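Taking numbering that gives the first Met the number 0, I'd label the letters of the sequence shown as residues 0 to 191.
Glycine included, every Cβ here is placed at the ideal spot set by N, Cα and C.
Nothing here was measured: the structure is a model prediction, and the numbers come from that model.
Here's the structure, in structure tokens; my notes come after.
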Amino acid sequence: MDLTNLDLTNRRGIITGAGQGIGRALALEFGRRGGHLLLVGRQLATLTETARLVTSAGGTTEILVEDLTQPGAIERIAQTVASWSVIDLLVNNAGNVRAGRLELTSDADVHSMINLNLTAPILLTKTLLPALQQSGKGRGSILLNIASGIALVGLPFYAVYAATKSGIAQFGESLRRELIGTGVHVATVYPG
């Protein structure tokens, strides 16, 4: 997706993993363009700092402290934005990585990566897709999935992480094709 041809001003949307790194950088960019953002993450302190920076940049924010892997998290996000007239942006950015030999990786770490990096963004997208499609009928809505360069080239000691990021990349590509003509613009980014 070429974002240079898509109107990025005044977007209303959700950014997961917004407390730091890529999530914070994207929040600032959409804030500079007048966006109203629901910043979702696990740590109030980092989300509060992101919100302060976004407000200074010209945007507005709401904060939701949420662990996307916990029961009811997706529903709480949907409830938080249910009163919004428009949802035309979803950034699936939250993720975690554990490096190490597969046989030494705990089952809990495997489940943690799969649940946060793959299952949660799929379920959040599924839940918010009707609103994104409704907004897509106007100027178009944006669904941005953050994968990783490791999704393209597997590296030793990152087998599970690579699998989850490859999964989210293929999810995005499949959904992009599924939503052609709906006004929902799906893109996947491969940082790293």
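Here I167 is buried. Its C-beta has 16 or more other C-beta atoms within 10 Å. Counting along the chain, E102 sits inside no alpha helix (DSSP H), nor does DSSP assign it H or E at all. For the region 48-80, the full-length alpha helix (DSSP H) segments reaching 4 residues or more read 72-80 along the chain.
Between T79 and L142, the C-beta gap is not smaller than 8 Å, which leaves the two residues out of contact. N116 is the residue among T15, R97, N116 and P190 whose C-alpha sits nearest the C-alpha of K164. In the DSSP assignment, G40 falls within the unbroken beta strand (DSSP E) covering H35 to G40. When the alpha-carbon of G30 is set against those of L52, V39 and A44, the nearest one is in L52. Distance check between Q69 and each of G180, L174 and H110 places H110 closest, using alpha-carbon atoms only. Note: L89 is bridge-paired with I13 and L142 in the DSSP secondary-structure output. Between I14 and N92 the beta-carbon gap is near 6 Å, inside 8 Å, which marks them as a contact.
Under the 8 Å Cβ criterion, the region 55-64 does not count as touching the region 85-105, having fewer than three qualifying pairs. The C-alpha of A130 is placed about 11 Å away from the C-alpha of S82. For D87 and I179, the gap between their C-alpha atoms comes out near 16 Å. A straight line joining the alpha-carbon of S173 with that of P120 spans about 14 Å.
In this model, V96 and T59 are separated by some 30 Å (Cα to Cα). Around the C-beta of V39, 16 or more other C-beta atoms lie within 10 Å, and the residue is accordingly described as buried.
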